[in-house]
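As structure tokens, the structure follows; a few thoughts come after it.
Residue numbers (the working numbering): 3 to 65.
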């Protein structure tokens with residue numbers, strides 16, 4: 003499929019490996035940091051997209 007091969011590190015692979023109950027309870031940093039990085043990246047891309055739409059969409063200035 004599409005994506006990074008399993009031996010390579012990615013945020014999704016890190017979160018998938020941290021799904022066991024033992025890791026969730028005893029090693030929370032194994033899912034907190036990749037999860038926070040993923041959330042912050044998605045929010046940043048959304049804010050950039052909103053800013054670009056506000057700057058370049060002439061129909062959004064109807065107020």
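For each residue, glycine too, the CB sits at the ideal point set by N, CA and C.
Residue range of the alpha helix (DSSP H) that includes residue i
i	result
residue 21	Careful: residue 21 lies outside any alpha helix (DSSP H) and carries neither H nor E.
residue 52	31-58
Local conformation of residue i per DSSP, three classes
i	result
residue 12	coil
residue 2	A question about residue 2 goes unanswered here, because the residues of the chain that appear run from 3 up to 65.
Nonlocal neighbours in the same chain, by C-beta distance under 7 Å from residue i, ignoring five residues either side
i	result
residue 55	62
8 Å Cβ shell around residue i - same chain, five flanking residues per side excluded
i	result
residue 19	25 and 32
residue 39	13
residue 5	12 and 14
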